[in-house]
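Novice: Please read through the structure below; I'll follow up with questions.
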C-alpha cells in the first residue's frame, strides 16, 4: 500500500492539522525501523545472493509501480515479493529489500513528478522504508518463533500456522502504522474513514494474496532462478491486469460521482441563484469534490464587456481577494475561441495568451485546464484548474469542469437578464412618471374666450414629448396661445421643454408686448441652458374686444390662417430665429383683424412630417386641403379630420415625431352655417 | 424598440488644405443626427474648425439635425472658424429660414466650391 503517489491528497489535511504528533511519530518510525535493521544486520550477518537480491528489489519496485487504486488508496501486490525474500533469505535481507524498494519507488516518483514538498519527497518515503524494515523484522521473528523455517521445499502443513502468522503480522504492522499516521494527521474522523475504506479494501487485495509468497519460495527451491523469473512474470501480469481493472472501475465510479455532482450543482444553483458570487462559490465548492482545486480560478466577463472580475482565486490552496481587471489574458482568448484549453506541461508548451493570473505567471504551475463559461454563444467567463505537476488533468476533468462552467454560465446569464429586465422596468416606470408630470404641465382643457372657439391635440411619439402648447390669460380678457417644438426628442427634449415652458410663461405673462416677452424668454433660455437645444415657438394673442390676432413667430412652422369669406389661406411666416440659439434677438410682432369664421391652425412639424411606408411625408398640401374642406367645422372637428387623414396616410408606420395641433376659430355669431 | 425610419444617413468627409467638406446623403432626423454629430465632432477634435457642409443629397433635416449644426457652429466660432452650408435644396432652404438660422446664423452657398472659396 502506498500513500505518496499524489493521487491521494492527504497532504492538505496534514497542512491544516497539527503537525506535532505527526512530526514525532513519522521520524520515530523511520529512524527506529532502519536502526533496528542495521543492528540486526550487525548481530546476525545474513548470507546474500546479491544478483537475486537486486532482482527481487527491482521486482518489488515494479509491482509497487503497477499499484492500483481501490478504496481511496493505491494498493499493490508487492508484499508477495517482500515476503518471498523473507522466506528465501530471512527477515534481515527482507528488511533491506523492502526498504530499498520503497526508496527506489519514491525516487521514480520524484523523477516523474518533479519538485514536491519535503514531506512527500523525504519524510514519507523514509517513514515507509523504516516501517517496511520493521515489518520484515517483526513478522519474520513471529514466523520463526512459531516454528516456521526458511527456504521451504514444499507447501507443508506444519507451515500453515507460522505462515498465517507471518502474513497476518506483516499486514497488521503495516496497516497499524498507517492508521496511526492517519490518526495523527487527520484526527478520529479521518482515522475511522481510513480504516473503513482503506483497510477493508486492503484485506482483500493485499492480505489474501500474501500466502502466494510461499508458492514463490517453493518454486524457487525447485526450479531455481528460472522459476523465480516465471513467478515474477506471473506476478507482474497479475498486477497489470488488476491495475487496468481497478482503474476502469475507479473511472466508472468517478463518472458516477461527476454526474451526481453535476446534478447537485445544478440543483443548488437553481435554488441559490440570486447572486453571481453565490453561484461562483457553489461551483467552486462542487468542483473541489471532483477535481484538484489547489489552484482554482473563476473569472467573470462583466456586463460592460470591458472588464473581467476574478471572482474566485485560489493558489496553493489559499484564497486571494477578488479583483477586477480590464479584459485580457485568457478571457480575451476565450472570446475568440470559446473552447477549453488544456496545457500539459508549461515548461514545454506556451500558453496562447499572456497569462496574468496568480500561479501561471509565478512559474510554479506546470499544467492547467481553462474552460469557457458559455451560456449559448455568450461568453460569461472562464474557469481554470492548475497544478504544480505536469499532466495533472485528464480529459474527464476538462469535461466535468466545462459542464459545471456552462451550468454556472447559464444561471449567471439568466440572472443578468432578469436584472436588466428589472432595470428596464424601473426605467419605464420613471419615464411613465415623467410623462405624467409632463402632461400635468400642459393645460388639460381650452380656456373660453368670447367670440372664439378653441381646440388642441397633443400626442407624443414616445412617452415624453418635446412639443408643448400653453394658454395664457392676459389682462383685458386677452388670451395668449403658445405652440412650441423643442429640437430633438425623448427625455432630454422633455426636460428642456419643462424648463422652456416655465421661462416662456413667466416672460410672456410679465411682458408689455408679445415681441418683448419672447425676447426676454430667449435671453433666459440661452442663459439657463448650456445644452445646444433650441425651440421653435409661435405665440399669438387673441383680442376678443377688437377681434384681432397679434403674433410673433420664433422659427416655428408658419401657422395657417384661413379667411372665411375669401376661402384663401395665408401662412403666418413673418418670423425671427428660434429661441435658445442667439443671445440677443429682435422679434417682430404682427396684428391681423379677424372676421367670423376665420380660422387659425397652428401645428408642429410632427403633423406634416408624418411618413408613410413609401417614405412620403403627409405634407403641408394635405393639411391645407383638409383645412380648406372643413373650414366651416368646429376646431375639434377639424382636428379630428386631420388626425383621421394622418392615420390613414401613415397606415401602420409608427409615429416618429411628436405632433401638436391648436385650432382657433372666430365664432360665427349665427352658429355654423354649413 | 421603435424603428424610426428605414433610411440611413451616410456622411463623407474630405479634408482640403484649410477647409473640411462634410457631405451628407440621406435624411437627417432624430435617429440619424448622431451619425452627423459624430463625424463633425471628429473634425473638431482634430482641430479643424473651418467646415463646409454639403447638403446636396439631403432632402430633409429635422430639428435634431439643426441642433447638431448649431452646436457645431457654436464650437467652431469659439476657435474663429465657421460652419458654411452648400447645395441646399429648396426644402432645406425653407427649413433653415423658417427656424431663422438663415441668413442670421449660417452662411449659405450655391455649391461647395463657392463655400470653400469663401474662407
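Residue numbers (the numbering used here), protein chains in the order written: chain A, 50 to 723; chain B, 24 to 142. Glycine residues also receive a C-beta, built at the ideal position from the N, C-alpha and C atoms.
#1: Check whether the Cβ atoms of residue 415/A and residue 403/A lie closer than 8 Å to each other.
#2: Report back the beta-carbon spacing between residue 251/A and residue 332/A to the nearest angstrom; my notes put them in contact at under 8 Å.
#3: What residues from the region 612-625 of chain A come within 9 Å of chain B, judged by C-beta to C-beta, listed N to C?
#4: Which residues of chain B have a Cβ atom closer than 7 Å to the Cβ of residue 604/A, listed in chain order?
#5: Using a 10 Å radius around the Cβ and a threshold of 16 neighbouring Cβ atoms, would you call residue 282/A buried or exposed?
#6: Under a three-way DSSP split, which group does residue 121/B fall into?
#7: Have a look at residue 519/A and residue 93/B and give me their C-alpha separation to the nearest angstrom.
#8: Put residue 500/A into one of helix, strand or coil per three-state DSSP.
#9: Mind checking residue 510/A: buried by the 16 CB within 10 Å criterion, or exposed?
#10: Got a sec: is the Cβ-Cβ distance from residue 141/B to anything in chain A below 8 Å?
#11: Would you say residue 93/B faces chain A, with C-beta separation under 8 Å as the test?
#12: Go to residue 48/B, then tell me how far its beta strand (DSSP E) extends in each direction, as first and last residue.
#13: How far does the alpha helix (DSSP H) with residue 563/A in it reach, from first residue to last?
#14: What span of residues does the alpha helix (DSSP H) with residue 36/B cover, start to end?
#15: Under the assumption that residue 263/A contacts residue 136/A (Cβ atoms under 8 Å), give the Cβ distance between them as a whole number of angstroms.
#16: Would you say residue 709/A lies against chain B (beta-carbon separation less than 8 Å)?
#17: In this structure, how does DSSP classify residue 680/A when only helix, strand and coil are distinguished?
#18: Kindly identify the DSSP beta-bridge partner or partners of residue 348/A.
#19: Note down the Cα distance separating residue 568/A from residue 636/A, rounded to an integer number of angstroms.
#20: Strictly by DSSP, which residues pair up with residue 507/A?
#21: Which of the three DSSP states, helix, strand or coil, is assigned to residue 224/A?
#22: Going along the chain, which residues of its own chain have a beta-carbon closer than 6 Å to the beta-carbon of residue 37/B, five neighbours each way excluded?
#23: Mapping DSSP to helix, strand and coil, what is residue 693/A?
#24: For residue 131/B, which of helix, strand or coil comes out of DSSP?
#25: What's the call for residue 198/A, buried or exposed, on a 16-neighbour Cβ count within 10 Å?
#26: Out of 88/B, 58/B, 73/B, 31/B, which one is the CA nearest neighbour of residue 40/B?
#27: Is it true that the CB of residue 583/A sits closer than 8 Å to the CB of residue 12/A?
#28: Alpha carbons only, please: which of 240/A, 678/A, 142/A, 102/A is nearest the one belonging to residue 691/A?
#29: If we ignore side chains and look at the alpha-carbon of each, how far apart do residue 299/A and residue 246/A end up?
#30: Along chain B, which residues have their Cβ under 8 Å away from the Cβ of residue 538/A?
#31: So residue 453/A and residue 314/A are in contact, right, with Cβ under 8 Å, and what is the actual spacing, rounded?
#32: Measuring straight from C-alpha to C-alpha, what distance separates residue 408/A and residue 439/A?
#33: Fully enclosed by the region 599-655 of chain A, which alpha helix (DSSP H) runs are 4 residues long or longer?
#34: Between the Cα of residue 291/A and the Cα atoms of 113/A, 312/A, 451/A, 399/A, which residue gives the shortest distance?
#35: Would you say residue 64/B reaches chain A, if we count a Cβ-Cβ gap shorter than 8 Å as a contact?
#36: Is the beta carbon of residue 624/A sitting closer than 8 Å to the one on residue 604/A?
Specialist: So, from the data block:
#1: no
#2: No, residue 251/A and residue 332/A are not in contact; Cβ-Cβ is about 35 Å, not under 8 Å.
#3: 622, 624, 625
#4: 121, 122, 123
#5: exposed
#6: helix
#7: 26 Å
#8: coil
#9: buried
#10: no
#11: yes
#12: 43-48
#13: 563-577
#14: Segment 33-38 is the beta strand (DSSP E) holding residue 36/B; no alpha helix (DSSP H) there.
#15: 7 Å
#16: no
#17: coil
#18: 359/A, 431/A
#19: 7 Å
#20: 709/A
#21: helix
#22: 44
#23: helix
#24: strand
#25: exposed
#26: 73/B
#27: Residue 12/A is absent from the structure shown; chain A starts at 50 and stops at 723.
#28: 678/A
#29: 14 Å
#30: 53, 87
#31: 6 Å
#32: Since pLDDT at residue 408/A reaches only 47, below the 50 mark, its modelled position is unreliable, and the value read off the structure follows with that caveat. Rounded to whole angstroms, residue 408/A to residue 439/A spans 14 Å at the Cα level.
#33: none
#34: 113/A
#35: no
#36: yes
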